[in-house]
DNA sequence: AGCACGCCGACT
DNA sequence: GTCGGCGTGCTC
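In this note's numbering, the protein residues as written are 49 to 779.
If you want it as structure tokens, here you go:
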């Protein structure tokens, strides 16, 4: 049984199941069991492979929380393949808000302020009787762990009372309210009824007094919505292929233009619900989730239910979790937090915008550092469901997994983009300016004709770097050696890594010249330059700010600009993306340019000093096959996923401890076929450095085992901390 | 000898 | 994760 303690250091432990509670305890059952005199929540993973070790008995069984056995199988696989402790993975399938720190008082001791049967938090007990007494009480069973799911708030409902209809001939307001209530099935939350009819409480009170309705308290309604049917046309072109995928099961990539993804999602969902199964749709952002929910409510035939699941739901999340687990929602659309939602009848998983980075939590932050696509693929296999990953430009690691044996990913017939803008690649070699005349002319032409131009600049602030005009040296942060950026063009420079602030101006550290000027293309500078050249204000859209976003020309980050449609899209500095470090830079640049072309109805204009770059030219003509042909061999040669697998371990602690741990403990212990790199120091301003170790092997699981080994090693070594990430999106 | 501290392994 | 045992090294 895996106890819900989030650590690499604790293996599953064995317990006896008392004869009385034995029925129905099996893989996935949630139980309470003792460990070192304290009771803990745990999930049964299976019978003990070497029976006889168990000495303690399970305290209680929580069938209401249990994990479906197939989903447990997926969790075991995910934990094993991505070096995430099983309890962390399992936590993501349990109800959100589950409070594992509550106790049921079984036999209150003398002087306790509670009677038997009350449920109290650990903190309250500690305060009342002290930590030692709590331990003793726990050990002898006077209190027992009783994890609690937050109670749903009760609200007042108005319910039509059967029997003779009251005479409302002389009460038009009451008649109207009563009519609406009957039309809506005879029961509504009073607040909904009143706001829909615009009536006051007195009307309702009067109806209740006459006996026409009764006012009862019921749990707040769960945000699970009924489909209305009607607008099905968008999904028609996708129905056959979606039906094939859902019928066959297993993982698929489906290259679908971005603006047609909702149709493909609806087709996948429909194929699942028509089989009587559920569909889980995973999108990178809340906004996309909500949009897809609205789309599905219209696009699916009437008679099904759809729910959203993401962090913005607050207390409703627990209720949606229960509705999905109990099969009351046919389709659920969620962010990565929904990736491990238990489904009563799993039929299809669908990953929207598959290559999007938001599908994976960053290591060390809340959420599992595993890409939603990988979670979905593991679930599809374990739960016997289809997995459909949508994007016009799928990640190469997924796409290239196509032809190979076990992890084979099928491809559904790609849908060609409808309409492609004319593309202009402007050669900036030999030009010192940021904005070419071609670019400015294009902006004038489109803006003058009533069109809208979106300008993509993926660097916030005013200038990415400040350089010396005389010797060309770049001003760097004294702490991190990273170029200082100018957030607003004013008198202050800031380090993008550590946030340290330095005064602008002064002299060049290399040659002493005072001719320092901003360089590097950042969004504020482009905005200012454009406004000056065009003679009209330019809008701004970034994650944090929106200004004049109705202006004919709007500059912003790729994520924000690509959310909308434009007559022309401009990328003034595609080189910053092309030259970014890492093997994935080419792929990411291709995707940026491709998506920009999709978002532009008339013109895509790209400025570059590498006008012959193959990925740039391929993206300009929408040629994904060319990207595959050039990049997949590079991934293969470099030993990158899916041809090999790697893990990054970040070790925090004193240098000698790190080196000793890696050389004398890790290296001798890793299995054959796993390469272990030398630790590389990563310097950080103001904070001690940390070390990175790269692990690599042909197969995923050996890499994950080595990564877990690092994590366990660090967990058992005082002063050493490790964070591991298997197959990160970027190394 | 007596005690503080940190490391390590057990916990089922 | 949390605890206790034990070895090291220091103090009385």
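Every residue, glycine too, gets a C-beta built ideally from N, C-alpha and C.
{"Item": "Given 8 Å, three or more beta-carbon pairs between the region 661 to 681 and the region 621 to 630", "Value": "yes"}
{"Item": "Near the ligand NAD: residue 179 beta-carbon under 8 Å from a heavy atom", "Value": "This structure lacks the ligand NAD, and indeed carries no ligand of any kind."}
{"Item": "Buried or exposed by the 16-neighbour rule on C-beta atoms within 10 Å, applied to residue 685", "Value": "exposed"}
{"Item": "When 155, 147, 341 and 487 are compared against residue 199, the one with the closest alpha-carbon", "Value": "147"}
{"Item": "Residue interval of the beta strand (DSSP E) (run including residue 442)", "Value": "Unbroken run through residue 442: none, as it is neither H nor E."}
{"Item": "C-alpha distance - residue 483 paired with residue 620, whole-angstrom precision", "Value": "7 Å"}
{"Item": "Cross-strand partners of residue 396 (DSSP beta bridge)", "Value": "327 and 434"}
{"Item": "Spatial neighbours of residue 360 in its chain, beta-carbon cut-off 8 Å, leaving aside the 5 residues before and after", "Value": "334"}
{"Item": "Validate contact between the region 115 to 132 and the region 749 to 758 using beta carbons, cut 8 Å, 3 pairs", "Value": "yes"}
{"Item": "Residue environment, residue 557, which counts as buried when at least 16 other CB atoms sit within 10 Å", "Value": "exposed"}
{"Item": "According to DSSP, residues forming a beta bridge with residue 216", "Value": "Residue 216 is not bridged to any residue."}
{"Item": "Best match in 583, 657, 460 and 313 for proximity to residue 303 [C-alpha to C-alpha]", "Value": "460"}
{"Item": "C-beta contact flag for residue 540 and residue 523 at 9 Å", "Value": "no"}
{"Item": "Among 573, 358 and 243, the one whose alpha carbon lies nearest that of residue 338", "Value": "358"}
{"Item": "Cβ neighbour criterion (16 or more within 10 Å) applied to residue 728", "Value": "exposed"}
{"Item": "Minimum C-alpha distance to residue 346 - residue among 314, 372, 240 and 718", "Value": "314"}
{"Item": "Other residues of its chain near residue 589: CB distance less than 7 Å, five sequence neighbours each side excluded", "Value": "597, 602, 604, 608 and 609"}
{"Item": "C-beta atoms of residue 136 and residue 271 nearer than 9 Å", "Value": "no"}
{"Item": "Extent of the continuous beta strand (DSSP E) run through residue 353", "Value": "353 to 357"}
{"Item": "DSSP beta-bridge partners of residue 333", "Value": "In DSSP, residue 333 forms no bridge with anything."}
{"Item": "Bridge partners - residue 504, DSSP secondary structure assignment", "Value": "604"}
{"Item": "For residue 49 and residue 61, believed in contact at Cβ under 8 Å, the rounded distance", "Value": "6 Å"}
{"Item": "Span separating the alpha-carbon of residue 189 from that of residue 64", "Value": "17 Å"}
{"Item": "Classification of residue 263 by the beta-carbon crowding that lies within 10 angstroms, buried from 16 upward", "Value": "exposed"}
{"Item": "Beta-carbon contacts of residue 87 that lie in its chain and below 8 Å, excluding the five residues immediately before and after", "Value": "80, 81, 107, 186, 192 and 193"}
{"Item": "Nearest-angstrom Cα separation, counted from residue 329 out to residue 204", "Value": "33 Å"}
{"Item": "Reduced DSSP secondary structure (H/G/I, E/B, other) of residue 484", "Value": "coil"}
{"Item": "Residues of its chain near residue 214, where Cβ-Cβ distance is below 6 Å and the 5 sequence neighbours each way are ignored", "Value": "258 and 260"}
{"Item": "C-beta contact flag for residue 775 and residue 689 at 9 Å", "Value": "yes"}
{"Item": "Residue 738 - DSSP class collapsed to helix/strand/coil", "Value": "strand"}
{"Item": "Where residue 178 falls, given that 16 or more other Cβ within 10 Å makes a residue buried", "Value": "exposed"}
{"Item": "Closest by C-alpha distance to residue 92, when choosing among 68, 56, 138 and 101", "Value": "138"}
{"Item": "Residue 365 to residue 305 span [Cα, whole Å]", "Value": "31 Å"}
{"Item": "Residue 273, DSSP secondary structure in three states", "Value": "strand"}
{"Item": "Three-state secondary structure (DSSP) of residue 372", "Value": "helix"}
{"Item": "Reduced DSSP secondary structure (H/G/I, E/B, other) of residue 402", "Value": "coil"}
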